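**Student:** Note that my numbering has the sequence shown beginning at 11, numbered continuously upward.
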Amino acid sequence: MDKKKIEKGIRLILEGIGEDPAREGLARTPERVYEFYREIFSGLKARPEKALKLYTSLNKDELIIVRDIAFYSMCEHHLLPFFGKVHIAYIPQKNQITGFSNLVKIIEMFSHRPTIQERMTTEIVEAMYNTLKAKGVLVIIEAEHLCLTMIG
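(1) Rank Arg-42, Ala-137, Asn-105 by C-alpha distance to the C-alpha of Asn-112 and give the top, closest one.
(2) Identify, in the order they occur along the chain, each residue of the same chain with its Cβ nearer than 7 Å to the Cβ of Val-147, setting aside the five sequence neighbours on each side.
(3) Compute the distance between the beta-carbons of Ile-163 and Ile-117, then report whether it is under 8 Å.
(4) Once DSSP output is grouped into helix, strand and coil, what is the label at Pro-31?
(5) Going straight from the alpha carbon of Ile-126 to that of Glu-86, what length do you get?
(6) Could you give the C-beta distance for Gln-103 and Lys-143, rounded to a whole number, given that I count them as a contact under 8 Å?
(7) Does the distance from the C-beta atom of Thr-141 to that of Glu-59 stay below 8 Å?
(8) If we ignore side chains and look at the alpha-carbon of each, how far apart do Leu-68 and Asn-105 end up?
(9) Could you tell me which uninterrupted alpha helix (DSSP H) segments, each at least 4 residues in length, are contained entirely in the stretch 40-96, listed from first to last along the chain?
(10) Thinking C-beta only, is Pro-40 closer than 8 Å to Ile-20?
(11) Unbroken beta strand (DSSP E) runs of length 3 or more, entirely within the stretch 105-140: which are they?
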């Protein structure tokens, strides 16, 4: 991530809306936004196969459901947050499952980047299906989009 470009861009935005980026309340805003972006966009280079560790289980083709995993992301259209809960269900193959913390890592990987809810859903499904070789995967995302809430 290019710190200088992000900070320069934020200063230009502030100037563009008629603000003085040097005034007391805004002087550190470019630096703060960069630090925020470093965290919120940390999933850009992440690889799903590194996040999903497989374990052998006694489950034989039984449905595994994990509900209400909290997430936050940034809408790629407006660079405004959207957030909510992810529900994942999958049917393992050959008794291969993954742990709850690994599911959280996958969600963070695909939510910590500019995206839209539909793409994020598809990326989680594909990562689960391809890495776990699951017989079936279902992902449901319930989210509030601040671009809709704030802009309408």
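Note that the Cβ used here is the ideal one computed from N, Cα and C, for glycine as well.
Just so we're clear, the structure is a prediction, and the values are computed from it rather than from any experiment.
**Tutor:** To lay it out plainly:
(1) Ala-137
(2) Excluding positions up to five away in sequence, the list reads Tyr-100, Val-135, Met-138, Tyr-139.
(3) With the chain running from 11 to 162 in the structure shown, residue 163 is simply not present.
(4) coil
(5) 6 Å
(6) 5 Å
(7) yes
(8) Looking at the two C-alpha atoms, the distance is approximately 6 Å.
(9) 58-61
(10) In this structure, Pro-40 lies closer than 8 Å to Ile-20 by Cβ.
(11) none
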